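Chemist: Quick one: the structure is below, and I'll ask about it shortly.
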Amino acid sequence: MEKVQHVTPWNSAVGNNDFRPAGRIDLCLRLLARAADNSADCSLMCSVVPAQDSAGERHGLWFRLRRLIIWLLGVYIAIPFLVKLCPAIQAKLVFLNFVRVPYFIDLKRPQDQGLNHTCNYYLQPEEDVTIGVWHTVPAALWKNARGKDQLWFEDALGSSHPVILYLHGNAGTRGGGPRGELYKVLSSLGYHVVTFDYRGWGDSVGSPSERGMTYDALHVFDWIKARSGDNPVYIWGHSLGTGVATNLVRRLCERETPPEALILESPFTNIREEARSHPFSVIYRYFPGFDWFFLDPITTSGIKFANDENVKYISCSLLILHAEDDPVVPFHLGKKLYNIAATSRSFRDYKVQFVPFHTDLGYRHKYIYRSPELPRILREFLGIPEQEHHH
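If you want the numbering used here, it's the 1-based position in the sequence shown plus 24.
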């Protein structure tokens with residue numbers, strides 16, 4: 025019997041339509057669609073992962089920023105308590121004697137600062153206290169001063185030239201840039217200039233305090249008077265040095281040995297008002313209990329520098345110089361001090377003058393020495409004949 029071979033037609037394949045031509049096309053379409061889906065999934069995943077990473081980075085950045093803000097806030101709140109518990113911190117900030125600018129200056133060599141007619145001394149106001157002193161002779165004597173020793177400079181104080189005892193402000197040393205420039209100006213006008221670093225400043229030995237600074241100034245003044253004979257001696261204080269100057273002159277007036285005149289450059293009324301007005305206090309000025317936290321520790325440390333009280337007991341001519349754009353000691357404090365002095369009975373027989381310097385001049389806190397009007401101002405106020413200012 026003949027074997028019959030059954031051929032299954034393409035369109036009769038049971039349960040396996042994928043092998044039909046139409047099925048193969050359908051399969052290809054499904055594979056392409058699946059590939060497209062997979063590609064889309066990959067694209068979606070690739071787009072989602074960076075988005076997730078970006079969100080994570082933003083979260084991490086915000087977390088770090090929040091921690092920084094909390095840390096800064098903690099420091100901001102902690103500082104007032106630290107200052108209150110350690111009043112010595114405020115004393116350091118008032119004196120700033122640890123800030124030695126310029127740093128690499130040999131105070132034994134004033135000639136390095138262009139002061140070729142200057143001698144460096146060391147005096148001892150008290151036991152265990154030594155202070156460094158610079159004495160600049162008038163420019164007219166500079167040729168004679170070359171190569172001379174300390175004894176020659178001391179004898180020169182007896183020449184017919186007036187003497188200015190200069191009391192510098194906080195920070196730096198007697199060799200600070202603007203200070204040295206002022207010495208040159210005053211020397212060119214015919215003055216001896218004697219200046220020094222208070223105990224604890226520069227190369228002077230000792231611990232700073234208001235009492236100690238005032239005593240150092242008194243010692244130098246007496247040292248000058250013992251050598252200057254009848255020559256006029258003026259006292260010039262700048263910034264914090266105005267506090268030392270009024271302390272000194274008040275004491276001199278009380279013992280009836282006043283200077284011929286007192287010059288205050290960029291003065292304040294008292295240290296509390298100056299601290300309240302200082303740029304450093306801006307971020308805490310409206311802090312609850314500001315006076316208790318920041319100002320009382322200054323007083324507790326024995327620091328007052330009460331210029332507004334001292335001027336009521338001073339009996340000598342007073343000249344106040346202040347720049348309107350002073351960012352350290354506000355102009356209004358100098359003006360206020362002048363108003364107090366001008367109405368004080370102690371000055372009724374003496375000249376009291378206030379000289380402002382306009383903002384446009386840009387003299388700020390320590391550049392009044394640049395004023396071309398300064399020689400005229402000093403000449404007219406101190407009554408020195410004009411010819412004595414030119415050699």
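The C-beta atom is built at its ideal place from N, Cα and C for all residues, glycine as well. Keep in mind that this is a model prediction, so the values were computed, not measured.
Quick check on the DSSP output: what are the complete alpha helix (DSSP H) runs of length 4 or more inside the stretch 196-280, in order along the chain?
Modeler: 201-212, 234-252, 264-278
Chemist: Contact check, residue 283 vs residue 215 under 8 Å by CB: the rounded distance?
Modeler: Not quite, the Cβ-Cβ distance comes to about 13 Å (not below 8 Å), so this is no contact.
Chemist: Return the residue from the list 246, 208, 217, 272 that minimises the CA-CA distance to residue 235.
Modeler: Taking residue 235 as reference, the option from 246, 208, 217, 272 with the minimal CA-CA separation is 272.
Chemist: Could you check which residue in 392, 188, 372, 339 has the C-alpha nearest to that of residue 280?
Modeler: 339
Chemist: Tell me, please, which residues DSSP counts as bridged to residue 341.
Modeler: According to DSSP, which records beta bridges pairwise, residue 341 is partnered with 285.
Chemist: Any idea if residue 128 is buried or exposed, counting beta-carbon neighbours within 10 angstroms, 16 or more meaning buried?
Modeler: exposed
Chemist: Quick check on this structure: which residue in 142, 148, 151, 191 has the alpha carbon closest to the alpha carbon of residue 168?
Modeler: 142
Chemist: Report the option in 253, 226, 193, 171 whose CA atom is closest to the CA atom of residue 238.
Modeler: Nearest of 253, 226, 193, 171 to residue 238, Cα basis: 193.
Chemist: Inspect the CB distances between the stretch 220-233 and the stretch 251-262 and report whether three or more fall short of 8 Å.
Modeler: no
Chemist: Taking 8 Å as the cut-off, decide whether the C-beta atoms of residue 233 and residue 187 are in contact.
Modeler: no
Chemist: Assuming residue 350 and residue 290 are in contact, meaning their beta carbons sit under 8 Å apart, how far apart are those beta carbons, in whole angstroms?
Modeler: That belief holds up - the Cβ atoms of residue 350 and residue 290 are roughly 6 Å apart, short of 8 Å.
Chemist: Output needed for residue 196: all residues of its chain with C-beta closer than 6 Å, excluding positions within five of it in sequence on either side, in chain order.
Modeler: 125
Chemist: Grouping DSSP H, G and I as helix and E and B as strand, with all else coil, what is residue 107?
Modeler: It is helical.
Chemist: So is residue 207 buried or exposed if we call it buried at 16+ other beta carbons inside 10 Å?
Modeler: buried
Chemist: DSSP three-state label for residue 134, please.
Modeler: helix
Chemist: Given a cut-off of 8 Å on the beta-carbon distance, is the pair residue 327 and residue 115 in contact?
Modeler: yes
Chemist: From the DSSP output, read off the bridge partner residues of residue 144.
Modeler: Bridge partners of residue 144 according to DSSP: 158.
Chemist: Restricting to runs no shorter than 4 residues, where is the alpha helix (DSSP H) found entirely within the stretch 320-382?
Modeler: Runs found: 320-324, 331-334, 355-366.
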